[in-house]
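Novice: Its first residue numbered 4, the sequence shown is counted upward by one per residue in the working numbering. Glycine is no exception: its CB is placed at the ideal position from the N, C-alpha and C atoms.
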Amino acid sequence: MLELKNVSFDYGKRSALANINLSFLSSGVISLVGPNGSGKSTLLKCINRILKPRGEVLFNRRNVQSFSISELSRTFGYVPQEFSSAFPITVFDMILLGRKPYLGWNPSEQDIEVVSENISLMELDDFALRPVNELSGGERQKVLIATALSQEPSVLLLDEPTSNLDIKHQIDVMKHLGEIVRSKKILALMAVHDLNLASHYSEEMVMLRKGKVFAQGKPKEILTKGNIKALYYINVAIHRHGEIKHIVPVEDDDDLFRMEKT
4 MLELKNVSFD YGKRSALANI NLSFLSSGVI SLVGPNGSGK STLLKCINRI
54 LKPRGEVLFN RRNVQSFSIS ELSRTFGYVP QEFSSAFPIT VFDMILLGRK
104 PYLGWNPSEQ DIEVVSENIS LMELDDFALR PVNELSGGER QKVLIATALS
154 QEPSVLLLDE PTSNLDIKHQ IDVMKHLGEI VRSKKILALM AVHDLNLASH
204 YSEEMVMLRK GKVFAQGKPK EILTKGNIKA LYYINVAIHR HGEIKHIVPV
254 EDDDDLFRME KT
């Protein structure tokens, strides 16, 4: 179980997170949603110790501040928003870097097997020997996910994994992510802007507003007109497709822009 207890973080004098209290079970896809600056990316970085917050981040009741670098890397796989390399590296070698917490002097047969498995999982077999910087945005995103999966983590942290992707690649990445989470029984916590993707592919959502938890629950429960208006200051129509909600922005009320943004 992943738990956050009174987690706060400041950038200088600006509060980015304030007294975050959350707990997540051991598997499933959880979406962090909210407007720009609400604390989504900061929260992910506090969980895996890129940033050092106040409060506690616990995994299986252990404070992650006590984890060794190797333990941390085996527990959390982190997928950043984007990747750029100053030198050419092949897809295979990039994904092999995910085995760093396990590597000895040379890659073992198990290391090679894990890398090959994740290449196949993300349907990257045809690109294994291609330089990463020659791939499309969607293909690079799948490489980053495969690299994180090669760490064999219990928790996958994804920072806007579908940003700058066309709709086909967005669906492709999210479909693969859902299948992997189910098959490997891991927890995926992702920051995402697209409420419709979050609604379709998440078991649970956390809404953040100005560095605080605004709402938490199943998408069908918390994706309401009122919550979305309070978060984004827009009016929406909500259409249902079975259990899945589809969000469509509509014209703003005359008084919407007079709302006090507090």
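Once DSSP output is grouped into helix, strand and coil, what is the label at Met208?
Specialist: Start at 1 with the first residue of the sequence shown, and residue 208 comes out as number 205. Here Met208 sits in strand by DSSP.
Novice: Residues bridged to His249 by DSSP?
Specialist: As a working mapping, residue 249 is identified with position 246 in the sequence shown. Partner(s): His242.
Novice: Pull up the DSSP beta-bridge partners for Glu134, would you.
Specialist: One-based indexing of the sequence shown puts residue 134 at position 131. The sequence shown places Pro at residue 134, rather than the Glu named in the question. Its beta-bridge partners are Thr93.
Novice: Tell me which same chain residues have a C-beta within less than 7 Å of the C-beta of Ala201, skipping the five on either side of it?
Specialist: Your numbering for residue 201 matches position 198 in the sequence shown. Closer than 7 Å at the Cβ level, and outside the excluded window around Ala201, lie Ser34, Val36, Val195, Met208 and Pro222.
Novice: What residue ranges within the stretch 20-104 form continuous beta strand (DSSP E) runs of no fewer than 3 residues, ordered along the chain?
Specialist: Within the stretch 20-104, the complete beta strand (DSSP E) runs of at least 3 residues are 31-36, 57-62 and 79-82.
Novice: When you compare the CB positions of Arg156 and Thr78, do they come within less than 8 Å of one another, or not?
Specialist: Position 153 of the sequence shown, counted from the first residue, corresponds to residue 156. Position 75 of the sequence shown, counted from the first residue, corresponds to residue 78. This sequence places Pro at residue 156; Arg is not what is there. Taking 8 Å as the Cβ cut-off, Pro156 and Thr78 qualify as a contacting pair.
Novice: Where does Met4 land, buried or exposed, given buried means 16+ other C-beta within 10 angstroms?
Specialist: In the sequence shown, residue 4 corresponds to position 1, counting from 1. When all chains shown are included, Met4 counts as exposed.
Novice: Grouping DSSP H, G and I as helix and E and B as strand, with all else coil, what is Ala151?
Specialist: Looking up residue 151 in the sequence shown gives position 148. It is helical.
Novice: Mapping the DSSP letters down to three states, classify Val195 as helix, strand or coil.
Specialist: Taking the sequence shown and counting its residues from 1, the one referred to as residue 195 is at position 192. In this structure, Val195 counts as coil in the three-state DSSP scheme.
Novice: Lys2 by DSSP, collapsed to three states: which one?
Specialist: Summary: the structure shown does not reach residue 2, with the chain confined to residues 4 through 265, and so no result is reported for it.
Novice: Output the distance between the C-alpha atoms of Ile53 and Glu59, rounded to the nearest integer angstrom.
Specialist: Numbered from its first residue, the sequence shown carries residue 53 at position 50. Numbered from its first residue, the sequence shown carries residue 59 at position 56. Those two C-alpha atoms are separated by around 14 Å.
Novice: Go ahead and label Asp169 buried or exposed: buried means 16 or more other beta carbons lie within 10 angstroms of its beta carbon, across all protein chains shown.
Specialist: Working through the sequence shown from its first residue, we reach residue 169 at position 166. Exposed, because fewer than 16 other Cβ atoms sit within 10 Å of the Cβ of Asp169.
Novice: Nearest-angstrom Cα distance between Asn167 and Ser71?
Specialist: As a working note, residue 167 is residue 164 in the sequence shown. As a working note, residue 71 is residue 68 in the sequence shown. Whole-angstrom Cα-Cα distance: 34 Å.
Novice: Which residue comes first and which comes last in the beta strand (DSSP E) that contains Glu6?
Specialist: Indexing the sequence shown from 1 puts residue 6 at position 3. Run containing Glu6: Leu5 to Tyr14, per the beta strand (DSSP E) assignment.
Novice: Identify the residues that DSSP records as bridge partners of Ala218: which are they?
Specialist: As a working note, residue 218 is residue 215 in the sequence shown. Met210.
Novice: Under the criterion of a Cβ to heavy atom distance below 7 Å, does Arg212 qualify as lining the ligand GTP?
Specialist: As far as ligands go, the structure on display features none, and thus does not contain the ligand GTP.
Novice: Just list the residues that DSSP pairs Leu159 with in beta bridges.
Specialist: Position 156 of the sequence shown, counting from 1, holds the residue named residue 159. Leu159 pairs with Gly80 and Ala191.
Novice: Are Arg133 and Val82 closer than 8 Å when you measure CB to CB?
Specialist: Against the sequence shown, residue 133 aligns to sequence position 130. Against the sequence shown, residue 82 aligns to sequence position 79. Their beta carbons are not under 8 Å apart, which means Arg133 does not touch Val82 by this criterion.
Novice: Would you please state the rounded distance, in angstroms, between the beta carbons of Ser153 and Ile98? I believe it to be under 8 Å.
Specialist: Working through the sequence shown from its first residue, we reach residue 153 at position 150. Working through the sequence shown from its first residue, we reach residue 98 at position 95. Their Cβ separation, rounded to whole angstroms, is 5 Å, which keeps Ser153 and Ile98 in contact under 8 Å.
Novice: Starting from the C-beta of Lys103, find all residues in its chain whose C-beta is less than 6 Å away, skip the five residues before and the five after it, and write them out in chain order.
Specialist: By one-based count along the sequence shown, residue 103 stands at place 100. Cβ within range, chain order: n/a, list empty.
Novice: For Lys248, does the count of other Cβ atoms within 10 angstroms reach 16, so buried, or fall short, so exposed?
Specialist: The residue labelled residue 248 in the question sits at position 245 within the sequence shown. The residue in question, Lys248, is buried, as its Cβ has 16 or more Cβ neighbours within 10 Å.
Novice: Our contact map puts Phe12 next to Leu25 with C-beta atoms below 8 Å; I'd like the distance itself, whole angstroms only.
Specialist: The sequence position of residue 12 within the sequence shown is 9, counting from 1. The sequence position of residue 25 within the sequence shown is 22, counting from 1. Actually they are not in contact, since the Cβ atoms of Phe12 and Leu25 sit about 14 Å apart, beyond 8 Å.
Novice: Check each candidate in Lys178, Lys8 and Leu226 and name the one with the smallest Cα separation from Phe62.
Specialist: Looking up residue 62 in the sequence shown gives position 59. It is Lys8 whose Cα lies nearest to the Cα of Phe62.
Novice: Just to check my reading of the structure: Ile148 and Leu180 have Cβ atoms closer than 8 Å, yes? What is that Cβ distance to the nearest angstrom?
Specialist: In the sequence shown, counting from the first residue as 1, residue 148 sits at position 145. In the sequence shown, counting from the first residue as 1, residue 180 sits at position 177. Confirmed, Cβ separation roughly 7 Å.
Novice: Which one of Asp96, Leu159, Arg212 and Leu124 has the shortest CA to CA distance from Asn136?
Specialist: Position 133 of the sequence shown holds residue 136. Here the closest residue by C-alpha is Asp96.
Novice: If you follow the alpha helix (DSSP H) that Asn121 is part of, which residue opens it and which one closes it?
Specialist: Counting from one through the sequence shown, the residue named residue 121 turns up at place 118. From DSSP, the alpha helix (DSSP H) with Asn121 extends over Glu112 to Leu124.
Novice: What's the call for Phe90, buried or exposed, on a 16-neighbour Cβ count within 10 Å?
Specialist: On the sequence shown, residue 90 is found 87 positions in, with the first residue counted as 1. Exposed: under 16 other Cβ atoms inside 10 Å.
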